[in-house]
Amino acid sequence: LLLKELPDLQLEIIVVESNSMDGTRERALSYRDHPRVKLILEDQPRGKGHAVRAGLKATTGDYVLIQDADLEYDLEDYDALLEALVTGRTAFVLGSRHGGHNIWKMRQFTGQHGLSLFVNFGHWFFSTLINVLFFQRLRDPFTMFKVFRRDCLYALEFECNRFDFDFELLIKLIRKGYRPVELPVNY
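So in my numbering the end of the sequence shown lands on 500, straight run, no missing numbers.
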């Protein structure tokens with residue numbers, strides 16, 4: 314990520330480390346003096362949502378791109394996702410994992426067909442619920458790849474500390490009037 318260059322944008326990397334016992338803290342500390350990295354060290358794990366909220370408070374850039382540390386999403390998609398914001402096309406982008414794929418085959422677990430079906434049904438059900446309740450036409454509202462202008466966050470208060478934060482962020486931005494644009498990403 315440190316090698317990623319984005320034309321005309323300064324990259325600010327905020328790492329929130331929640332006192333993991335797997336060596337993550339030591340690895341994060343090795344970047345503490347890097348000029349592009351802000352390191353937030355928590356004394357104990359409080360959940361993904363808490364970590365993202367801490368990162369959002371620390372950001373100073375015009376645009377926010379949430380990237381989980383496991384790099385589940387491709388860094389090469391940054392340019393296209395941010396381009397939609399920089400050009401003023403939208404204020405809020407979701408990186409859609411569907412990219413033309415059948416919704417029922419988005420999540421596959423080798424040797425666990427029943428689990429795959431259950432997870433994909435849940436995704437379909439809750440996507441439909443979000444679309445009906447908030448008058449949207451989203452294919453992948455629960456992607457973790459969310460990109461938005463930082464000013465979208467003004468006057469929003471968040472409470473969720475776990476993975477439910479992703480839903481809270483999405484819903485609060487939609488309720489504030491931001492209609493997300495979905496762009497396909499590598500997944």
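Just so you know, even glycine gets a beta-carbon here, dropped at the ideal spot from N, CA and C.
In this text the structure is predicted, and so the values were computed from the model without any measurement.
Quiz item: Quick one: complete beta strand (DSSP E) runs, 3+ long, within the segment 316-350?
Solution: 326-330
Quiz prompt | Inter-stretch contact at 8 angstroms, needing at least 3 Cβ pairs: the segment 462-482 / the segment 347-361 | solution = yes
Practice problem: With a 10 Å radius around its C-beta and 16 neighbouring C-beta atoms as the bar for buried, classify residue 486 as buried or exposed. | Solution: buried
Practice problem: Name the one or two DSSP bridge partners that residue 408 has. | Solution: 496
Practice problem: Rank 488, 391 and 432 by C-alpha distance to the C-alpha of residue 496 and give the top, closest one. | Solution: 391
Quiz prompt | Whole-angstrom distance between residue 424 and residue 482, CA atom to CA atom | solution = 33 angstroms
Quiz item: Does DSSP put residue 378 in a helix, in a strand, or in coil?
Solution: strand
Quiz prompt | Residue burial classification, residue 445 (beta-carbon count within 10 angstroms, cutoff 16) | solution = exposed
Practice problem: Tell whether a beta-carbon distance below 8 angstroms holds between residue 379 and residue 365. | Solution: yes
Self-check item: Residue closest to residue 349, alpha-carbon to alpha-carbon, out of 375, 373, 342 and 315
Solution: 315
Quiz item: So, helix, strand or coil for residue 485, using DSSP?
Solution: helix
Exercise. With a threshold of 16 other CB atoms inside 10 Å of the CB of residue 405, please say whether the residue is buried or exposed.
Key: buried
Exercise. Look at the Cβ atom of residue 325, then the Cβ atom of residue 338, and state whether they are nearer than 8 angstroms.
Key: no
Quiz item: Are the CB atoms of residue 494 and residue 397 nearer to each other than 8 angstroms?
Solution: yes
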